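All letters in the sequence shown, in the order written, are residues 2 to 299 by the numbering used here. Accompanying notes for the structure given below.
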Amino acid sequence: HKHLIRSLRKNIGKIETSLCLAGAAYLLPQSNPFGIESDLRFILPHTITPKADSERGVYGFYRSISGSGQVGESGLIPVERMIYLWNDSMRSEVLNGVGEAQVALSSAGVLYSMDSMIGAYFNGGAIKVTVFPVPAGTDEGEVKNFQNFLNRRLSSVFNAFRNIVTRFSVTPIVIGSDLKDTIADKLIELKQSDVAKAMSVPPHLVSGDYKYKTADSEYINFIVGTMIPRFEFIVGELNDQFYNKQGYEIIPVPEQMEIMQAIQLDQAQQVTALVGTPTLTEDEGRGILGYPPKPRRV
């Protein structure tokens, strides 16, 4: 049954990405030459429009491909033909909720705006906004020529540190903030933390600003509290909607993960320190490491 595992590995990353971005993931069963549904094909979520009502719930899907319009079986793909995974919704009882990335967009927008401000600062020659007063009654043509001169000589970061000599007698007035004021460290840190939290990732894991013990505990919490439940949710939906109908079932075994084995080992060591005797048999220990029982002598 290697094709089942191959299909799962091929789609698991796409499913998670789609859930994070759109709050929904869709797959269509694919049949082999013998007519047996043996594979799943990932479908872009923005091409799918679910159809639902309060009485029947979800009863089908319309699919659009490159603006070609609605396609499917008689225009509607029946719900039993589509594999769909949805984030929970607090607004609808029959449709999907939003993706985690959508929740993070407002905070990410603040970071984008700050980057734009910094970009504008450098594009302006890495100088503050500067006003150059000219004497009253100066000819409008002369003012425009001076403005064009400044634009040519002071625009872009390439001119940031050039010395400019002019025949004009002007006293510049500097206004606004410099780069140090533009880079609001606390605000950047806060918004980066908001983005991480929206994606259910511990902020310290993202920033790298942590002590080892804190990182270790947060990483374990991330694996146990986010990654494993998410994987079990995805596999459970695929089992219910596809694999069980083929007579198979994908069973997650998170306890075989290295991080989970490390947790078990730590627990076993603590229990052993309390009771004074080993808590696992030799074969149980070999099983945790993925080894078969030790051969017995006859």
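Glycine included, C-beta positions come from ideal geometry on N, C-alpha and C. None of these values were measured; they are calculated from a predicted model.
{"query": "CB of Ala199 within 7 Å of CB of Glu56, strictly", "result": "no"}
{"query": "Through-space distance from Ser19 to Pro46, alpha-carbon basis", "result": "7 Å"}
{"query": "Limits of the alpha helix (DSSP H) - the one that Val95 falls within", "result": "From DSSP, Val95 is part of no alpha helix (DSSP H); its letter is neither H nor E."}
{"query": "Unbroken alpha helix (DSSP H) run spanning Ser55, endpoints", "result": "No alpha helix (DSSP H) holds Ser55; DSSP gives it neither H nor E."}
{"query": "Cut-off 8 Å between Cβ atoms - residues of its own chain near Ala105, not counting five sequence neighbours on either side", "result": "Asp195, Val196, Ala199 and Met200"}
{"query": "Cα-Cα separation between Asp89 and Asp241, rounded to whole angstroms", "result": "17 Å"}
{"query": "Chain-order list of residues whose beta-carbon lies under 8 Å from that of Val80 (same chain, five-residue window excluded)", "result": "Val59, Tyr60, Gly61 and Phe62"}
{"query": "Minimum C-alpha distance to Arg64 - residue among Asn33, Leu28 and Ile37", "result": "Leu28"}
{"query": "Thr18 (DSSP reduced to helix, strand or coil)", "result": "helix"}
{"query": "Where the beta strand (DSSP E) through Phe43 begins and ends", "result": "Glu38 to Ile44"}
{"query": "Residue span of the beta strand (DSSP E) that contains Ala1, given as start and end", "result": "It is not possible to answer for residue 1, since the shown part of the chain is limited to 2 through 299."}
{"query": "Straight-line Cα distance separating Ser218 from Met261", "result": "12 Å"}
{"query": "Ala263 beta carbon less than 7 Å from that of Leu281", "result": "no"}
{"query": "Spatial distance of Gln265 from Pro294 (CA atoms)", "result": "19 Å"}
{"query": "Extent of the continuous alpha helix (DSSP H) to which Leu275 belongs", "result": "Glu259 to Val276"}
{"query": "Ile229 - containing alpha helix (DSSP H), residue span", "result": "Ile229 to Gln242"}
{"query": "Residue of Lys246, Thr50 and Val99 minimising C-alpha distance to Leu77", "result": "Thr50"}
{"query": "Boundaries of the beta strand (DSSP E) in which Tyr292 is found, first to last residue", "result": "Premise fails: Tyr292 is in no beta strand (DSSP E) and is neither H nor E."}
{"query": "Sheet register partners of Tyr220 (DSSP bridge)", "result": "Answer by DSSP bridge pairing: none, since Tyr220 is not bridged."}
{"query": "Closest Cα partner of Ile235 within the set Lys3, His4 and Arg10", "result": "Arg10"}
{"query": "Neighbourhood of Ala54 by C-beta distance below 8 Å, restricted to the same chain and skipping five residues each side", "result": "The amino acid at residue 54 is misidentified as Ala; the sequence shows Asp. The answer, listed in chain order, is Tyr60 and Val95."}
{"query": "Simplified DSSP state of Gly8, which is helix, strand or coil", "result": "Contrary to the premise, residue 8 reads as Ser rather than Gly in this sequence. Residue state, collapsed to three classes: helix."}
{"query": "DSSP bridge partner residues for Thr50 (one or two, in chain order)", "result": "Tyr63"}
{"query": "Inter-residue Cα distance where the pair is Lys246 and Ser8", "result": "16 Å"}
{"query": "Own chain, CB closer than 6 Å to Asp284, minus 5 neighbours either side, in chain order", "result": "Pro294"}
{"query": "Ser55 Cβ short of 6 Å to the ligand MN heavy atom set", "result": "Of the ligands one can find in the structure shown there are none, so the ligand MN has no counterpart to examine."}
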